[in-house]
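Worksheet: one structure, shown below.
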Amino acid sequence: MKIDLHTHSTASDGLYSPAELLRQAQAAGLSLLALTDHDTTNGLEAALAAGETHHLEVIPGIEVNTDIAGAEVHVLGYFLEYKQPAFQQTLQTLRDMRVTRTQRMVAKLQGLGLKITWERVRELAAGAVGRPHIAAALVEQGYADSIADAFNRYIGRNGPGYVARYKLAPLDAIGLIQSVHGLPVLAHPAGLSDLENLLGSLTQAGLTGMEVYYGDYEPKTVKYLRKLADTYHLIPTGGSDFHGPGIHPTPLGARQVPEESVERLRSLAAERRQMRAPAFELPSYQA
Ligand code: AMP
Ligand code: ZN
Ligand code: FE
Ligand code: FE
């Protein structure tokens, strides 16, 4: 059974629509896919419908981007009761803050003399806007050879066009996901320094899994992460982080995830649905 638990669509910074993504998933022989767009669930409706057409199970997911000192921490959420109004309102706020941040980065780049416009960046984003859309505009105008090159030259963490994200902590993302009975899972943890310390606090807050079988992680990384996951009683998950060509190199469905992990997620989600979900409110520093 082929499984991919980490994918993106045009609802955020993926290149293919949810329907096209599902068509490709079927062609790749997948039987289960989770759509995990950044800060949005707007692709889920179309993905679930396309999944029915292609006889492919779709898990409603999300990827929430947060920061800690000096690094990005992404938290995935699975089996979300995503239609809840308060949840949707919070996601809308997060996307509004993406717009503000992206506009500020465009202004910074313009200040450096680069001829790119917010209007074009907005046009390139069908849904939740982000740095990859700025990167695409930079490539289009000839300021970079590729998306990766644009990150390296201009909008990576230390680049001249970088602006920090709105303040959202990993614990906020966990709370947000739990508020709709979702299961929070730490995404691509390999690069994070002091990972054990972070796992200590995140598991205490309710983290239920961690990506182990991710993207192009090598066998020794997978082995190390698998051991950590077992130590912290976290479900080892994974996936390609497929966006279409140009953003992450791993093809759709190319990273196998154990069926056992999906079963563990599934039964934990069923348990959670029997319990009252904790309420969530964005911290006041958002305003
Ligand atoms: P944002 O959430 O707007 O800060 O954009 C971050 C997203 O850009 C990540 O989730 C990745 O999908 C993508 N990304 C980050 N770094 C790179 C890179 N060096 N090359 C290509 N895509 C990247
Ligand atoms: Zn992305
Ligand atoms: Fe990510
Ligand atoms: Fe991702």
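Each residue of the sequence shown is one higher than the one before, counting from -6 in our numbering.
Virtual Cβ for every residue (Gly too), placed ideally from N, Cα, C.
Please read these numbers as outputs of a predicted model, since none were measured by experiment.
- Beta-ladder partner(s) of D223, from DSSP: By 1-based counting over the sequence shown, the position of residue 223 is 230. According to DSSP, which records beta bridges pairwise, D223 is partnered with nothing at all.
- Close beta carbons around N35, own chain, < 8 Å, minus the five adjacent residues each side: Here residue 35 refers to the residue found at position 42 of the sequence shown. Here the set comprises A4, G120 and A121.
- Where does T0 fall in DSSP's three states? Locating residue 0 in the sequence shown gives position 7, counting from the first residue. Secondary structure at T0: strand, using DSSP grouped into helix, strand and coil.
- Cβ of E204 versus every heavy atom of ligand 4: is any distance shorter than 6 Å? The residue you call residue 204 lines up with position 211 of the sequence shown. Flag unset: Cβ of E204 not near ligand 4.
- Could you give the residue range of the alpha helix (DSSP H) that holds D165? Position 172 of the sequence shown, counted from the start, is the residue given in the question as residue 165. Element bounds for D165: P163 to Q171.
- Message: Considering just the uninterrupted stretch of the beta strand (DSSP E) at A27, what are its terminal residues?
- Response: Position 34 of the sequence shown, counted from the start, is the residue given in the question as residue 27. If you look at A27, you'll find it in the beta strand (DSSP E) that goes L23 to L28.
- Given a threshold of 16 other Cβ atoms within 10 Å of its Cβ, counted over all protein chains shown, does P177 qualify as buried or as exposed? Within the sequence shown, residue 177 is the residue found at index 184, counting from 1. It is buried - the Cβ of P177 has at least 16 other Cβ atoms within 10 Å.
- Per-residue DSSP class, three states only, for A78: Numbered from its first residue, the sequence shown carries residue 78 at position 85. The amino acid occupying residue 78 in the given sequence is Pro; Ala does not appear at that position. DSSP places P78 in helix when its eight states are reduced to three.
- Query: D60: which of R150, I(-4), T224 and M98 sits nearest, CA to CA?
  - Reply: One-based indexing of the sequence shown puts residue 60 at position 67. Among R150, I(-4), T224 and M98, the Cα nearest to that of D60 belongs to R150.
- Message: Does E204 pass the burial test, meaning 16 or more other C-beta atoms within 10 Å, or should it be called exposed?
- Response: To locate residue 204, count along the sequence shown from 1; it is residue 211. It counts as buried.
- Message: Looking only at its chain, what residues have a beta carbon closer than 8 Å to the beta carbon of P271, apart from the 5 residues adjacent to it on each side?
- Response: One-based indexing of the sequence shown puts residue 271 at position 278. Cβ neighbours of P271 beyond the five flanking positions: G168, Q171 and S172.
- Query: Hey, is E65 close to ligand 4, as in C-beta under 6 Å from one of its heavy atoms?
  - Reply: Here residue 65 refers to the residue found at position 72 of the sequence shown. Distances taken from the Cβ of E65 to the heavy atoms of ligand 4 include none shorter than 6 Å.
- How about R113 and I148: do their beta carbons lie closer than 7 Å? Looking up residue 113 in the sequence shown gives position 120. Looking up residue 148 in the sequence shown gives position 155. The answer is no: Cβ separation not under 7 Å.
- Query: Apart from the five residues just before and just after Q267, which ones in its own chain have a Cβ nearer than 7 Å to its Cβ?
  - Reply: As a first step, residue 267 is located in the sequence shown; it is residue number 274 there, counting from the start. Counting only Cβ-Cβ distances below 7 Å, and skipping sequence neighbours, we find nothing.
- Message: For a test of the three-state rule: what should DSSP assign to V297, helix, strand or coil?
- Response: Nothing about residue 297 can be read from this structure; the chain reaches only from -6 to 280.
- Item | Buried or exposed (CB count within 10 angstroms, at least 16 for buried), L105 | Counting from 1 along the sequence shown, the entry for residue 105 is found at position 112. The C-beta of L105 has fewer than 16 other C-beta atoms within 10 Å across all chains shown, which makes the residue exposed.
- Task: Let me have the residue list for ligand 1: C-beta closer than 5 Å to any non-hydrogen atom, ordered along the chain.
- Result: Any residue whose Cβ sits closer than 5 Å to a heavy atom of ligand 1 makes the list: N58, G123, R124, P125, I140, A141, F144 and I240.
- Note down the Cα distance separating E189 from V68, rounded to an integer number of angstroms. Counted from its first residue, the sequence shown places residue 189 at position 196. Counted from its first residue, the sequence shown places residue 68 at position 75. Computed Cα separation, rounded: 16 Å.
- Item | Buried versus exposed, by CB contacts within 10 Å (16 or more), E56 | Locating residue 56 in the sequence shown gives position 63, where the first residue counts as 1. Under this definition E56 is a buried residue.
- Item | Beta-carbon gap between M90 and Y155 smaller than 7 Å | Position 97 of the sequence shown, counting from 1, holds the residue named residue 90. Position 162 of the sequence shown, counting from 1, holds the residue named residue 155. No, they are not a contact pair.
- Item | Burial state of Q197, where buried means 16 or more other Cβ atoms lie within 10 Å | Here residue 197 refers to the residue found at position 204 of the sequence shown. Under this definition Q197 is an exposed residue.
- Task: State the CB to CB distance for the pair A128 and A118, rounded to an integer number of angstroms; the pair is presumed to be in contact (CB under 8 Å).
- Result: Along the sequence shown, one-based indexing puts residue 128 at 135. Along the sequence shown, one-based indexing puts residue 118 at 125. Actually they are not in contact, since the Cβ atoms of A128 and A118 sit about 11 Å apart, beyond 8 Å.
- Query: With a CB to CB cut of under 6 Å and the five nearest residues on each side skipped, what residues in its chain are close to L14?
  - Reply: Looking up residue 14 in the sequence shown gives position 21. Within its own chain, the residues whose Cβ lies closer than 6 Å to the Cβ of L14, once the five positions on either side in sequence are excluded, are S2, listed in chain order.
- According to the Cβ coordinates, are L(-2) and V215 closer than 7 Å? As a first step, residue -2 is located in the sequence shown; it is residue number 5 there, counting from the start. As a first step, residue 215 is located in the sequence shown; it is residue number 222 there, counting from the start. The Cβ atoms of L(-2) and V215 do not sit closer than 7 Å to each other.
- Message: Residues around ligand 4, please: the condition is that the C-beta lies closer than 5 Å to some non-hydrogen atom of it.
- Response: The set of residues with CB atoms less than 5 Å from any heavy atom of ligand 4 reads, in chain order, E56 and D234.
- Message: As a quick exercise: from E74, E65, Q17 and A64, pick the residue whose alpha carbon is nearest that of T46.
- Response: Here residue 46 is taken as the residue at index 53 of the sequence shown, counted from 1. Of E74, E65, Q17 and A64, the residue nearest in Cα terms is Q17.
- Message: If you follow the alpha helix (DSSP H) that I305 is in, where does it begin and where does it stop?
- Response: In the structure as shown, the chain starts at -6 and stops at 280, and residue 305 therefore has no counterpart that could be examined.
- Of all the options R265, Q96, Q19 and N58, which has the alpha carbon lying nearest to the alpha carbon of S84? Residue mapping note: residue 84 aligns to position 91 of the sequence shown, counting from 1. Sequence inspection shows Leu at residue 84; the Ser mentioned does not correspond to that position. Taking L84 as reference, the option from R265, Q96, Q19 and N58 with the minimal CA-CA separation is N58.
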